[in-house]
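In full-length UniProt numbering, the protein residues as written are 1 to 519.
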């Protein structure tokens, strides 16, 4: 049983950080160190729950993954070049530590290179969590960051396969026939309906995939990711993804708690953790330079670099393997756990305030951009449209259909997902690809010519961010924003927006539709 005090501690710490304007995951990290220090809860159970969270995370990533995107140079080449630069740098720091800290035992060269390789990865859990909280999962910078992380995961799995005591089973080759199972999985997904069976299907498939891969001595997370890819692009993959989000987030809380259970290192090793945490500061700079080289905008490069501004949980896995084989002292495991936690504490404030940070230094960063940008990074033309709709989901799409009857040829939709924007355009809808929270995009949109902007993005925080940007750019037209709860409705009113509460006013819209039919 989970210690109730641990759950309460995680909630209070998460709430405290939320009130400070920071993501709750920092509170979960802190709660984990406190719980580990006071021996609260069952570490084995917390670890098992965190494993489930990671499996669900990788499965949901697979549901939204487009494998063709991984072939883009800005993804695979950036991930590869970053590894080539960072691994020797980190190994050099590890090998020189005994000169800085005399009481520290000299790190063997082979161990230093292994740890450097492990520390070259960034945390998939952290990046996905940050993008979800900001509502940017479909944005270009999020797709690039997730793509880089998946390439890193491929490197990691390859390392585990070649360094494992047990090589992959001969039955592992049978997994090449997995695409043949897709029709059956899609049929089962459709039969699951929309309720608890859908959730049960998703969790069962993710866990079954992980168990299947572990059975043939492969990484279970890789199985969850690939089964998610098998179900992607099906008619219900988006619905399945949304049904699993909350479950994934709950179990990922256990992941952040579990980091603290490794304990605190000795004084000398704590100094090592601080040095490693300081070394993380060069990572966004390297990513920024590489992505600029591949013709991405400064804003995209900055957002990607900062989202990868941390150490990965994979470093702990490699350290645990080395400790088990006797090639690494056990205290290194707690050292890397603290270094990872410190890297998250460093990364969170930067990612929380990344948009305001970019606004302050945009002019200087834009001077570093290549003259010829990638096609998807160039400015779009919204023509003579007087009304802009940000977010072409069910609500935004419905608003477009209704308003186009009254203002034909005067409306344009803006969709964050480039693929969806293309499909909408092919369906005859005037839609362009763009990120409403992108200051550069808004500055180039010639906003003063637009009479009204409707904002219907995936979450309230992103809607608020767009309204703030519009105010900063002195937009004088009307801004209409959807809300879901009374406190959100009141906040938008105070900001001078026209707002529609989806839940409170749904009944009114339903009755209005019935009266139209009766008339």
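For each residue, glycine too, the CB sits at the ideal point set by N, CA and C.
Under the three-state reduction of DSSP output, residue 218 falls in the coil class, being neither helix nor strand. Runs of the alpha helix (DSSP H) lying entirely within the stretch 132 to 211, each at least 4 residues long, are 140 to 163, 182 to 191 in chain order.
Residue 433 has 415 as its beta-bridge partners, per DSSP. Within the stretch 295 to 350, complete alpha helix (DSSP H) segments of at least 4 residues are found at 298 to 307, 314 to 325, given in chain order.
Residue 379 and residue 463 have their C-alpha atoms spaced approximately 22 Å apart.
From the listed residues 116, 64, 144, the smallest Cα separation to residue 83 is found for 116.
According to the DSSP secondary-structure assignment, residue 455 is paired through a beta bridge with 390, 481. Listed as beta-bridge partners of residue 498 by DSSP are 480.
Going by C-alpha positions, residue 442 is about 15 Å away from residue 366. Between residue 455 and residue 479 a beta carbon distance of about 7 Å is seen, short of the 8 Å cut, so the two are scored as contacting. With fewer than 16 neighbouring CB atoms inside 10 Å of its own CB, residue 423 falls in the exposed class.
Less than 9 Å divides the Cβ of residue 10 from the Cβ of residue 253.
Between the alpha carbons of residue 119 and residue 168 lies a gap of roughly 25 Å.
Counting every other CB atom within 10 Å of its CB across the protein chains shown gives residue 54 a total of 16 or more, marking it as buried. In the three-state reduction of the DSSP assignment, residue 466 falls in the helix class. Closest in alpha carbon position to residue 124, among 344, 515, 36, 448, is 344.
DSSP places residue 5 inside the alpha helix (DSSP H), whose first and last residues are 4 to 19. With a minimum length of 3 residues, the unbroken runs of beta strand (DSSP E) contained wholly in the stretch 355 to 408 fall at 387 to 390.
Out of 332, 6, 260, the CA that lies nearest to the CA of residue 41 is found in 6. About 5 Å separates the beta carbon of residue 145 from that of residue 307, a gap short enough to meet the 8 Å contact definition. Using a Cβ distance threshold of 9 Å, residue 416 and residue 72 do not count as a contacting pair. Note that the C-beta distance between residue 283 and residue 305 is below 9 Å. Take residue 410, set aside five residues on each side of it, and the residues of its chain with a beta-carbon closer than 7 Å to its own are 385, 386, 387, in chain order. Just so you know, the alpha carbons of residue 374 and residue 451 end up roughly 31 Å apart.
In the three-state DSSP reduction, residue 108 falls in the coil class, being neither helix nor strand. Residue 20 is not a Cβ neighbour of residue 222, given a cutoff of 9 Å. Residue environment analysis places residue 435 among the buried positions, since at least 16 neighbouring C-beta atoms fall within 10 angstroms of its C-beta. Using a Cβ distance threshold of 9 Å, residue 437 and residue 133 do not count as a contacting pair. Counting of Cβ neighbours within 10 angstroms places residue 190 among the exposed residues, the total staying below 16.
It is roughly 26 Å from the alpha-carbon of residue 226 to the alpha-carbon of residue 45.
The C-alpha of residue 224 is placed about 8 Å away from the C-alpha of residue 208.
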